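Here the numbering used here is used: the first residue of the sequence shown is 155, the next is one more, and so on. Where a beta carbon is used, it is the ideal one built from N, C-alpha and C, also for glycine. Since we're looking at a predicted model, the values are computed, not measured. Take a look at the structure set out below.
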Amino acid sequence: QLELSRKLDLPIIVHNREATRDLLSILREVSSSYRGAMHCFLGDRALADEFLELGFHLGIGGSITFEKNDALREVVKQLPLDKILLETDCPYLAPVPYRGKRNEPRYVRYVADTIAEVKRISVGVVAETTTENAATLFNLWQG
155 QLELSRKLDL
165 PIIVHNREAT
175 RDLLSILREV
185 SSSYRGAMHC
195 FLGDRALADE
205 FLELGFHLGI
215 GGSITFEKND
225 ALREVVKQLP
235 LDKILLETDC
245 PYLAPVPYRG
255 KRNEPRYVRY
265 VADTIAEVKR
275 ISVGVVAETT
285 TENAATLFNL
295 WQG
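Structure below.
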């Protein structure tokens, strides 16, 4: 799939769960550069840097709003906004104030609000930049 995505110039979306070292090894074995997204990124800054160096965007979802997730908020505070994607992970990981309930796409605004708060920028800038990030990554501007 990695080789096919490169051949067809399509982005990849990677969902990694408890296999980070294996994933990084496989990614590096196939290529040194990707166009894609790490879905539901929850790692530390060092891991973020490893994925950014490979060319990935980092998908940030509702877990950034969780009270005890200061570590992720600190990582996102340091990330370049042009490498962040907003995610919902529906129907899972609903953001505060809907935590524990079924997640809905309309709740992505709480993710944007939290990113704006931690980066001390307007939610409009977050929305505009992350929309542009997604449109560029997925070639949505092409007719």
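Residue i and residue j closer than 8 Å at C-beta
i, j, result
"L212", "K237", "yes"
"E241", "C194", "yes"
"V265", "I214", "yes"
"R253", "F220", "yes"
"A288", "L239", "yes"
Host beta strand (DSSP E) of residue i (start-end)
i, result
"A191", "190-192"
"L240", "238-240"
From the options, residue whose alpha carbon lies closest to that of residue i
i, options, result
"V122", "L177, N293, N287, V272", "There is no way to answer for residue 122, as the model of the chain reaches only from 155 to 297."
"V250", "T285, L208, Y261", "Y261"
"N223", "D176, L196, P245", "L196"
"L208", "S187, I275, A270", "S187"
"R227", "N293, D198, L294, L181", "D198"
"T290", "T268, K161, F210", "F210"
"S159", "R189, A173, R182", "R189"
"L233", "T174, A202, K255, K161", "A202"
"S185", "A173, A225, K161, I218", "K161"
"E183", "A225, L156, D267, A270", "L156"
"S217", "I275, L181, D267, T174", "D267"
Alpha-carbon spacing of residue i relative to residue j, whole angstroms
i, j, result
"E282", "I167", "21 Å"
"S179", "E286", "30 Å"
"P245", "I269", "21 Å"
"F205", "M192", "8 Å"
- Task: For the region 194-276, list the alpha helix (DSSP H) runs that are entirely contained and at least 4 residues long, ordered along the chain.
- Result: Segments of the alpha helix (DSSP H) lying fully in the region 194-276: 199-207, 224-232, 262-273.
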